[in-house]
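Trainee: To start, I am sharing the structure in question, which I have written as structure tokens.
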Amino acid sequence: MTHYIGLQGLRFVAAALVVAMHASLYMAQRTQGLSTTDYWQAGGFGVDIFFVISGFVMGHTSPVRGPWGQLNGAEAKTFLLRRLIRIVPMYWLYTLAKLVVLLLLPSLALRNSLDPTHLLASFAFWPHRDAAGAFFPLLQVGWTLNFEMLFYAVYALALLWRLPALPWTLLCYAALVGLAQWGGPDSAWAFWAQPLFLEFALGLALASLRAPLERLGPVMGLGLAALGWAWWALGWPAPAWAAVLGSGLPALLIVAGTLGLEPWFRQMRGAAWLNRGGDISYAIYLSHTFVVPLLVAGLVRLGWPSAAWAVLLSLVLVPLVADAIYRWVEQPCTRALKARWVP
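Heads up, the sequence shown is in this note's numbering, so the first residue is 6 and it goes up one at a time.
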């Protein structure tokens with residue numbers, strides 16, 4: 006299995022975009038009120054990059070093999086176990102930490118629902134509206150993991166039944182759209198039927214083109230990546246029915262270009278740092294929801310209510326905290342669980 010240094014670095018960049026967005030959001034909420042929209046919302050593009058990378062990695066590392074119609078339970082089981090071990094323990098740990106904080110300091114529960122049904126849905130990766138009416142779990146960044154877990158289930162079924170992953174994923178999305186019409190706007194199906202889910206399919210499509218992408222060379226790779234970043238930066242509009250075009254396609258170009266640049270990434274001196282950045286990206290994504298609010302509160306208390314300082318210091322502090330968590334908690338936990346459960 007090929008290990009992509011460039012994609013590892015891109016994971017870190019995607020996580021950093023989300024951290025920067027939330028740092029500006031938390032500072033804006035502190036200084037302008039909870040209802041403010043005056044923050045750097047463009048950082049949410051990091052999620053689009055994550056989803057395209059996730060689809061590519063699934064299609065690349067777990068190819069569907071064998072004739073259609075013959076069950077492949079062993080491969081599907083191994084795939085699911087690896088994904089669950091990678092995602093679930095740390096997410097549950099952070100969710101428990103958030104629950105403890107809210108129980109000790111209930112005044113912080115401004116939009117979080119401590120209703121037992123909502124708590125159960127949060128731990129089960131099932132979309133459920135919170136006290137403010139949004140599809141946020143207790144640990145709010147977990148909304149993206151609700152998408153991830155559904156995609157893992159869809160892909161595991163493709164492995165089980167030896168189905169072509171891309172058309173199967175598109176068929177499942179069509180079924181979600183139908184279920185959303187039946188279940189209504191408050192149903193989990195309505196959440197999952199968002200066009201955002203199609204970004205996993207874009208990643209799967211990239212996986213089928215892996216060989217030619219790796220032969221693009223640095224010039225073409227750089228051109229594709231630059232086009233993707235320019236598309237995102239300029240914010241070229243897309244019609245409402247094709248919202249995925251405004252975010253998914255730029256992410257697709259960036260990931261494709263990064264794949265073309267892989268030979269260059271492998272030769273650069275900072276390759277080990279890029280690899281480490283990708284390793285800690287999940288810890289960055291989960292831990293920053295604790296670190297950044299504390300940092301912002303400290304800056305306000307010191308009389309420095311600056312979004313720029315909040316973003317800059319968050320981008321320094323969060324990776325340091327995440328690296329420690331990855332080294333001392335996430336990595337040992339993942340290794341122990343894999344040794345116990347993965348054949």
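Just so it is clear, CB atoms sit at the ideal spot from N, CA and C, and this is done for glycine as well.
Mind checking which residues open and close the alpha helix (DSSP H) that includes V52?
Mentor: Numbered from its first residue, the sequence shown carries residue 52 at position 47. V52 -> alpha helix (DSSP H) spans 50-66.
Trainee: Let me know the secondary structure DSSP gives G308 once reduced to three states.
Mentor: As a first step, residue 308 must be located in the sequence shown, where it is residue number 303. Residue state, collapsed to three classes: coil.
Trainee: Is it a yes or a no for the segment 254-273 touching the segment 296-309, going by three-plus beta-carbon pairs under 8 Å?
Mentor: Too few Cβ pairs lie closer than 8 Å, so no.
Trainee: Do you know how far the Cα of S29 is from the Cα of Y5?
Mentor: Residue numbering for the chain in the displayed model covers 6 to 348; residue 5 lies beyond these limits and cannot be assessed.
Trainee: Can you tell me whether A329 is buried or exposed? The criterion is at least 16 other CB atoms within 10 Å of its CB, across all chains shown.
Mentor: As a first step, residue 329 must be located in the sequence shown, where it is residue number 324. It counts as exposed.
Trainee: Anyone know if the C-beta pair for L155 and W197 falls short of 8 Å?
Mentor: If you number the sequence shown from 1, residue 155 lands on position 150. If you number the sequence shown from 1, residue 197 lands on position 192. Contact flag set, yes.
Trainee: If you follow the alpha helix (DSSP H) that S29 is in, where does it begin and where does it stop?
Mentor: Looking up residue 29 in the sequence shown gives position 24. Start and end: 10-37.
Trainee: Which runs of the alpha helix (DSSP H) fall wholly inside the segment 169-257 and span at least 4 residues, in chain order?
Mentor: Segments of the alpha helix (DSSP H) lying fully in the segment 169-257: 170-188, 193-197, 203-213, 215-219, 222-239.
Trainee: In the DSSP assignment, the alpha helix (DSSP H) including Y96 goes from what residue to what residue?
Mentor: Taking the first residue of the sequence shown as 1, we reach residue 96 at position 91. Segment 78-109, the alpha helix (DSSP H) holding Y96.
Trainee: Since L171 contacts S213 with CB under 8 Å, what's their CB separation in whole angstroms?
Mentor: Translated into the one-based positions of the sequence shown, residue 171 becomes position 166. Translated into the one-based positions of the sequence shown, residue 213 becomes position 208. 7 Å between Cβ atoms; contact.
Trainee: List the whole-angstrom C-beta distance separating T354 from L144, where the pair is believed to meet the contact cut-off of C-beta under 8 Å.
Mentor: The requested residue 354 does not occur in the structure, where the chain is confined to residues 6 to 348.
Trainee: Going by beta-carbon coordinates alone, are L201 and F152 separated by less than 8 Å?
Mentor: Taking the first residue of the sequence shown as 1, we reach residue 201 at position 196. Taking the first residue of the sequence shown as 1, we reach residue 152 at position 147. Closer than 8 Å, so yes.
Trainee: Return yes when the Cβ of A81 is within less than 8 Å of the Cβ of W131, no when it is not.
Mentor: Along the sequence shown, one-based indexing puts residue 131 at 126. Along the sequence shown, one-based indexing puts residue 81 at 76. No, the Cβ-Cβ distance between W131 and A81 is not below 8 Å.
Trainee: What residue from A276, L325, L291, I289 has the CA that sits closest to I10's CA?
Mentor: For this step, residue 10 is matched to residue 5 along the sequence shown. Comparing Cα-Cα distances from I10 to each of A276, L325, L291, I289, the minimum goes to A276.
Trainee: What is the C-beta distance between G60 and A206, in whole angstroms, given that I count them as a contact (C-beta under 8 Å)?
Mentor: Here residue 60 is taken as the residue at index 55 of the sequence shown, counted from 1. Here residue 206 is taken as the residue at index 201 of the sequence shown, counted from 1. Indeed, because the Cβ distance is near 6 Å, the residues count as touching under 8 Å.
Trainee: Under 7 Å Cβ to Cβ from T339, same chain only, skipping five residues before and after it: list those, please.
Mentor: Here residue 339 corresponds to residue number 334 of the sequence shown, with the count starting at 1. Cβ within range, chain order: I90, R91.
Trainee: Provide the residue span of the alpha helix (DSSP H) that contains P268, from first to last.
Mentor: In the sequence shown, the residue the question calls residue 268 occupies position 263. 267-272 is the extent of the alpha helix (DSSP H) around P268.
Trainee: Alpha carbon to alpha carbon, how far is A179 from P217? Give it in angstroms, no decimals.
Mentor: One-based indexing of the sequence shown puts residue 217 at position 212. One-based indexing of the sequence shown puts residue 179 at position 174. P217 and A179: Cα-Cα distance of roughly 29 Å.
Trainee: Which residue's Cα is closest to the Cα of K103: H293, A185, F56, V323?
Mentor: Taking the sequence shown and counting its residues from 1, one reaches residue 103 at position 98. Of the candidates H293, A185, F56, V323, the one whose C-alpha sits nearest the C-alpha of K103 is H293.
Trainee: I think V347 touches R88, with their Cβ atoms under 8 Å apart; what is that distance to the nearest whole Å?
Mentor: Taking the sequence shown and counting its residues from 1, one reaches residue 347 at position 342. Taking the sequence shown and counting its residues from 1, one reaches residue 88 at position 83. Incorrect: roughly 11 Å between the Cβ atoms, too far for contact.
Trainee: Once you ignore the five residues that flank N280 on each side, which residues in its own chain have a CB closer than 7 Å to its CB?
Mentor: Walking along the sequence shown from the start, residue 280 turns up at place 275. Correct list, in chain order: I10, Q13.
Trainee: Alpha helix (DSSP H) containing A126: first to last residue?
Mentor: Residue numbering aside, residue 126 sits at position 121 when the sequence shown is read from its first letter. Note, A126: alpha helix (DSSP H), 121-128.
Trainee: Report, in whole angstroms, the separation of the C-beta atoms of I54 and I259, which I expect to be a contact under 8 Å.
Mentor: Looking up residue 54 in the sequence shown gives position 49. Looking up residue 259 in the sequence shown gives position 254. Confirmed, about 6 Å.
Trainee: Can you have a look at W333 and say buried or exposed, based on whether 16 or more other CB atoms are within 10 angstroms of its CB?
Mentor: Residue numbering aside, residue 333 sits at position 328 when the sequence shown is read from its first letter. Classification of W333: exposed, given that the 10 Å Cβ count is below 16.
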